[in-house]
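Quick note on UniProt numbering: the sequence shown kicks off at 1 and runs consecutively.
Heads up, the beta-carbon is just placed ideally off N, CA and C, and yes, glycines get one too.
For clarity, every value in this text was computed on a predicted model and none was experimentally measured.
This report concerns only the one structure given below.
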Amino acid sequence: MALLLRGGRRYGGEPVDVLVEDGRLAAVTPAGTPVPAPRDAEVVDLDGRFVGPGLWDAHVHFTQWVAARDRFDLAAAKSAADAAAMVRTRLAAGAAAGVLIGYGFRDALWPDEPSVALLDDAAAGTPVVLVSGDLHCGWLNTAASRRYGLPVPPSGLLRETDWIGTLQRIDAEAGQDVDAVRASADAAAARGVVGIVDFENDDLLALWPERVAAGVTSLRVDAAVWPARLDAAIRAGHRTGDMLDEHGLVRVGPLKVVADGSLNTRTAYCWQPYPGTGDHGVQSVGPAELRRLLRSATGNGIDAAVHAIGDRTNTEVLDAFEELGVPGTIEHAQLVRPQDVPRFARLGVVASVQPEHAMDDRDVADRHWAGHAEHAFAYGSLHAAGAVLRLGSDAPVAPLDPWVSVAAAVHRHRDGRAAWHPEQRLPVEAALAASARGRTALAAGEPADLVVVEADPSTPDEPGLRGMTVAATLLGGRWTWRSL
Numbered sequence: 001m002a003l004l005l006r007g008g009r010r011y012g013g014e015p016v017d018v019l020v021e022d023g024r025l026a027a028v029t030p031a032g033t034p035v036p037a038p039r040d041a042e043v044v045d046l047d048g049r050f051v052g053p054g055l056w057d058a059h060v061h062f063t064q065w066v067a068a069r070d071r072f073d074l075a076a077a078k079s080a081a082d083a084a085a086m087v088r089t090r091l092a093a094g095a096a097a098g099v100l101i102g103y104g105f106r107d108a109l110w111p112d113e114p115s116v117a118l119l120d121d122a123a124a125g126t127p128v129v130l131v132s133g134d135l136h137c138g139w140l141n142t143a144a145s146r147r148y149g150l151p152v153p154p155s156g157l158l159r160e161t162d163w164i165g166t167l168q169r170i171d172a173e174a175g176q177d178v179d180a181v182r183a184s185a186d187a188a189a190a191r192g193v194v195g196i197v198d199f200e201n202d203d204l205l206a207l208w209p210e211r212v213a214a215g216v217t218s219l220r221v222d223a224a225v226w227p228a229r230l231d232a233a234i235r236a237g238h239r240t241g242d243m244l245d246e247h248g249l250v251r252v253g254p255l256k257v258v259a260d261g262s263l264n265t266r267t268a269y270c271w272q273p274y275p276g277t278g279d280h281g282v283q284s285v286g287p288a289e290l291r292r293l294l295r296s297a298t299g300n301g302i303d304a305a306v307h308a309i310g311d312r313t314n315t316e317v318l319d320a321f322e323e324l325g326v327p328g329t330i331e332h333a334q335l336v337r338p339q340d341v342p343r344f345a346r347l348g349v350v351a352s353v354q355p356e357h358a359m360d361d362r363d364v365a366d367r368h369w370a371g372h373a374e375h376a377f378a379y380g381s382l383h384a385a386g387a388v389l390r391l392g393s394d395a396p397v398a399p400l401d402p403w404v405s406v407a408a409a410v411h412r413h414r415d416g417r418a419a420w421h422p423e424q425r426l427p428v429e430a431a432l433a434a435s436a437r438g439r440t441a442l443a444a445g446e447p448a449d450l451v452v453v454e455a456d457p458s459t460p461d462e463p464g465l466r467g468m469t470v471a472a473t474l475l476g477g478r479w480t481w482r483s484l
């Protein structure tokens with residue numbers, strides 16, 4: 001069925017009518033221009049609202065995002081003692097049956113240290129697992145350690161490799177209701193999202209077609225492949241971009257390689273040691289193994305996306321891409337030495353970044369990357385050097401909301417604070433393009449993946465951009481959200 005959107009405006013204000021047929025933009029004309037629309041076309045008056053390309057979140061852990069929406073929220077904890085008190089209060093309210101799972105603590109600036117004893121005292125024998133806000137760490141009490149058969153240190157903290165497998169076990173045990181998955185996808189669509197790149201550590205090439213068949217149809221999904229499943233994907237003949245479902249929503253995404261840790265856990269691999277320590281962070285994958293994985297994937301038609309947060313990891317990943325002569329994506333690119341910034345454009349390496357992390361972690365960066373925090377989250381420098389940028393959330397680490405990402409990239413401030421390194425702001429046009437896979441305008445022939453908003457995104461202040469009201473979202477010409 002055809003759809004005619006009348007009386008809209010492009011970003012910037014130009015009045016426009018948009019005709020959609022067969023899932024694509026059939027015509028984009030000045031408002032009022034006669035359009036040869038089919039007689040049975042649905043006609044919708046946008047009444048001056050602004051219409052632009054639908055938005056993508058370039059980095060999501062969707063299963064974790066769904067789970068976190070229902071987990072005990074620890075984001076407000078300002079100390080280990082705070083977190084333990086929140087656990088005690090939650091259990092006193094009778095909220096746990098089995099394991100109490102909390103999410104969102106950030107201990108990098110806490111004045112005290114987590115411990116098994118602290119959680120044991122709060123939990124009275126109930127197994128408690130607290131997941132850090134960046135997903136790179138878990139805090140367990142004795143009962144949880146016994147339940148999962150895991151030795152934990154006196155701190156109760158498991159980090160990186162020791163932790164990731166445990167998180168997968170916890171998720172598998174909990175399971176996930178398809179209704180919750182559908183609701184989370186629909187919530188993303190209500191914020192103008194038409195697609196995500198899902199980096200969940202799971203068999204996504206099988207999982208997402210199953211979800212679509214069960215009615216989760218409000219998003220396009222590029223489904224990543226992790227190293228443990230790379231050989232199987234190659235044997236099956238999968239290549240990046242291949243369609244995996246009959247609805248045309250799920251495609252094979254890139255190989256995902258995690259090459260270091262995170263800033264909050266002080267495991268991002270850096271050239272300089274973290275202040276007060278001799279520790280440079282964690283090199284999760286060595287140079288030889290990284291090259292083997294990239295060579296295997298790209299040689300078989302699967303693109304590569306590499307998690308690199310510390311500046312040394314970014315250097316080494318760029319070195320690998322350069323040596324192999326293949327393009328790819330660096331996920332996060334949080335701390336990049338100035339001499340490495342131009343290499344992204346020169347090597348054809350995309351910088352997939354999460355601007356809200358800069359707002360969450362500005363104080364952590366100032367402390368733990370003291371002396372070179374000006375090179376952290378350097379989106380302005382990357383853009384000026386010609387790098388292709390893609391914006392995402394890393395949900396659940398930050399909300400799956402592209403307007404939050406765009407606002408953070410454009411304004412570099414939040415919560416009434418002054419802008420943090422404002423020289424690294426992105427122009428709003430660049431931020432919007434980076435959230436729309438490079439689409440900057442509407443043109444006939446493109447997929448009818450659209451977002452309709454109440455205000456011009458090129459003009460609002462930070463609160464207006466962050467809280468942008470979305471009136472409608474279309475995916476292939478089909479309404480996935482509508483309040484018109």
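Check: Helix, strand or coil for D198? Go by DSSP, reduced to three states.; Outcome: strand
Check: Please give me, in chain order, every unbroken run of the alpha helix (DSSP H) with length at least 4 that falls completely inside the region 293-326.; Outcome: 311-324
Check: Around the C-beta of L484, are 16 or more other C-beta atoms found within 10 angstroms, so that it is buried, or is it exposed?; Outcome: exposed
Check: May I ask you to verify whether the region 153-164 touches the region 251-266, counting CB pairs closer than 8 angstroms and requiring at least 3?; Outcome: yes
Check: Quick check: what's the CA-CA separation for G102 versus V129?; Outcome: 6 angstroms
Check: Decide yes or no for the touch test of the region 329-344 against the region 279-297: beta carbon pairs closer than 8 angstroms, at least 3 of them.; Outcome: no
Check: Where do the ends of the alpha helix (DSSP H) carrying F344 lie?; Outcome: V341 to L347
Check: How big is the Cα-Cα spacing for L19 and A41?; Outcome: 9 angstroms
Check: Here's a check: name, in chain order, each residue in its chain whose Cβ is nearer than 7 angstroms to the Cβ of P38, leaving out the five neighbours to either side.; Outcome: A2
Check: Please go through the same chain and pick out, in chain order, the residues whose beta-carbon is closer than 7 angstroms to the beta-carbon of R169, but skip the five residues on each side of it.; Outcome: Y148
Check: So the candidates are A333, T440, I164 and L255; which of them puts its Cα closest to the Cα of V197?; Outcome: L255
Check: Which residue or residues does DSSP assign as beta-bridge partners of Y274?; Outcome: Answer is none; Y274 lacks a bridge partner.
Check: Quick one: Cα of M468 to Cα of P457, how far?; Outcome: 8 angstroms
Check: Within the present structure, is the beta-carbon of N264 separated from the nearest heavy atom of the ligand FMN by less than 7 angstroms?; Outcome: As for the ligand FMN, it is missing from this structure, which has no ligand bound.
Check: Do A398 and D360 have their CB atoms nearer than 8 angstroms?; Outcome: yes
Check: Distance check for G52 and W481, CA to CA, integer angstroms please.; Outcome: 15 angstroms
Check: Rounding to the nearest angstrom, what Cα-Cα distance links F321 and C137 in this structure?; Outcome: 29 angstroms
Check: Let's see if you can read the secondary structure: which residues bound the alpha helix (DSSP H) around E462?; Outcome: E462 to R466
Check: Check whether the Cβ atoms of V5 and V35 lie closer than 8 angstroms to each other.; Outcome: Looking at the sequence shown, residue 5 is not Val but Leu. Not in contact: L5 and V35 (Cβ atoms no closer than 8 angstroms).
Check: Considering just the uninterrupted stretch of the alpha helix (DSSP H) at F105, what are its terminal residues?; Outcome: Note, F105: premise wrong, no alpha helix (DSSP H); beta strand (DSSP E) at L100 to F105.
Check: Answer yes if the region 46-65 comes into contact with the region 190-209, meaning at least three C-beta pairs across the two stretches below 8 angstroms, and no otherwise.; Outcome: yes
Check: Quick check on H61: buried or exposed, where buried means 16 or more other Cβ atoms within 10 Å of its Cβ?; Outcome: buried
Check: What are the boundary residues of the beta strand (DSSP E) that includes L130?; Outcome: V128 to S132
Check: Is R478 helix, strand or coil when you go by DSSP?; Outcome: strand
Check: Would you call H247 buried or exposed, if buried means 16 or more other Cβ atoms sit within 10 Å of its Cβ?; Outcome: exposed
Check: Considering only the alpha carbon of each residue, which of G253, A418, E356 and V99 lies closest to L391?; Outcome: E356
Check: Would you call R235 buried or exposed, if buried means 16 or more other Cβ atoms sit within 10 Å of its Cβ?; Outcome: exposed
Check: My output table needs one value for A184: the three-state DSSP class, helix, strand or coil.; Outcome: It should be pointed out that residue 184 corresponds to Ser in this sequence rather than to Ala. In the structure shown, S184 sits in a helix (DSSP, three-state: H, G or I).
Check: Excluding five sequence neighbours on each side, which residues of the same chain lie with their C-beta closer than 7 angstroms to the C-beta of A448?; Outcome: V20, G23, R24, L25, L474, G476 and G477
Check: Write down the C-beta distance between R49 and E454 rounded to the nearest angstrom, noting that I regard them as a contact closer than 8 angstroms.; Outcome: 6 angstroms
Check: Can you check which of these residues, A443, A387 and A376, is closest to E423 by C-alpha distance?; Outcome: A376
Check: Give me the DSSP bridge partner(s) of W56.; Outcome: G195
Check: Can you give me the C-alpha to C-alpha distance between L119 and V87, rounded to a whole angstrom?; Outcome: 8 angstroms
Check: Relative to the C-alpha of L135, which candidate in R312, A472, E462 and L74 has its C-alpha closest?; Outcome: L74
Check: Pick out the complete alpha helix (DSSP H) segments inside the region 356-414, 4 residues or longer, and give them in chain order.; Outcome: 379-384 and 402-411
Check: Looking at C-beta atoms only, is the number of pairs between the region 105-120 and the region 78-87 that lie closer than 8 angstroms three or more?; Outcome: yes
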